[in-house]
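**Student:** My questions all concern the structure below.
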Amino acid sequence: MIILVAAAGKNNALGKNNDLIWHLPNDFKRFKALTSGHHIIMGRKTFESFPKPLPNRTHIVITRQKEYQPEGCIIADSIEKALEISPKSEDVFIIGGGEIYALGLPYANKIELTRVLDSFEADVFFPEIDLKEWKLVEEEFHPKDERHKYDFSYQTFIRK
202 MIILVAAAGK
212 NNALGKNNDL
222 IWHLPNDFKR
232 FKALTSGHHI
242 IMGRKTFESF
252 PKPLPNRTHI
262 VITRQKEYQP
272 EGCIIADSIE
282 KALEISPKSE
292 DVFIIGGGEI
302 YALGLPYANK
312 IELTRVLDSF
322 EADVFFPEID
332 LKEWKLVEEE
342 FHPKDERHKY
352 DFSYQTFIRK
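Position one of the sequence shown corresponds to residue 202 (this note's numbering), numbered consecutively onward.
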């Protein structure tokens, strides 16, 4: 299954200046639980936003830079090549950024979205989810608390 996993504001904001806009520790834990042990597909800028490669995951980085070869990563020059490289019998996660989500959306079977229940100033956005194509099958609300500055909901969509 091809799964988009993201956290986005009410206005689909993802990030600004190659960084996240919010800090939600429970969302990081969920992301780790979902993606550990799997192939993760991302753009070069998303990969470069990490302090180091994420443990226990196979990184596939999409870039047009021919000489780009970070240690321990698989490089692809298109979403199609990245998906071709990925195992067909396992879940594969597309983890961003905005352009990669838009390119991956037509191939995805599922979206695991953390909806941060506020609007944010951003320079990267998650694509609009067309409810004619996608069905919300699960939603779990989490109110803000001392560790989470914003209310958020985990939402699971499957393609109709």
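For each residue, glycine too, the CB sits at the ideal point set by N, CA and C. Owing to the predicted nature of the structure, the values given are computational and were not obtained by experimental measurement.
Could you tell me which residues DSSP pairs with S354 in its beta bridges?
**Tutor:** DSSP, once it has assigned bridges, lists R316, F342 as partnering S354.
**Student:** Assess, as a yes-or-no matter, whether the region 209-227 is touched by the region 286-306 under the definition of 3 or more beta carbon pairs within less than 8 angstroms.
**Tutor:** With the cut-off at 8 angstroms, the region 286-306 and the region 209-227 touch.
**Student:** Using only the alpha-carbon positions, how far apart do E322 and Y351 sit?
**Tutor:** Distance between the alpha carbons of E322 and Y351: 15 angstroms.
**Student:** Here's a check: name, in chain order, each residue in its chain whose Cβ is nearer than 6 angstroms to the Cβ of L306, leaving out the five neighbours to either side.
**Tutor:** So the qualifying residues of the chain are P328.
**Student:** Whose CA, out of S279, K345, I359, K211, lies closest to the CA of L318?
**Tutor:** Among S279, K345, I359, K211, the Cα nearest to that of L318 is on K211.
**Student:** Are there 16 or more other CB atoms within 10 angstroms of the CB of D228, so buried, or fewer, so exposed?
**Tutor:** Counting Cβ neighbours within 10 Å, D228 comes out buried, since at least 16 surround it.
**Student:** Leaving out five residues on either side along the sequence, give the residues of the same chain with a beta carbon under 8 angstroms from the beta carbon of E311.
**Tutor:** A quick correction: the sequence has Lys, not Glu, at residue 311. Excluding sequence neighbours, K311 sits near M202, I203, I204, L205, T357, F358, I359, R360.
**Student:** Can you tell me whether L304 is helix, strand or coil according to DSSP?
**Tutor:** Here L304 sits in helix by DSSP.
**Student:** For H239, which residues of its own chain have a beta-carbon under 7 angstroms away from its beta-carbon, when the five flanking residues on both sides are left out?
**Tutor:** Taken in chain order, the residues that qualify are R258, E291, D292, V293, F294.
**Student:** Determine the contact status of S354 and E334, defining contact as a CB-CB distance below 9 angstroms.
**Tutor:** It is not a contact, given that the beta carbons lie outside the stated cut-off.
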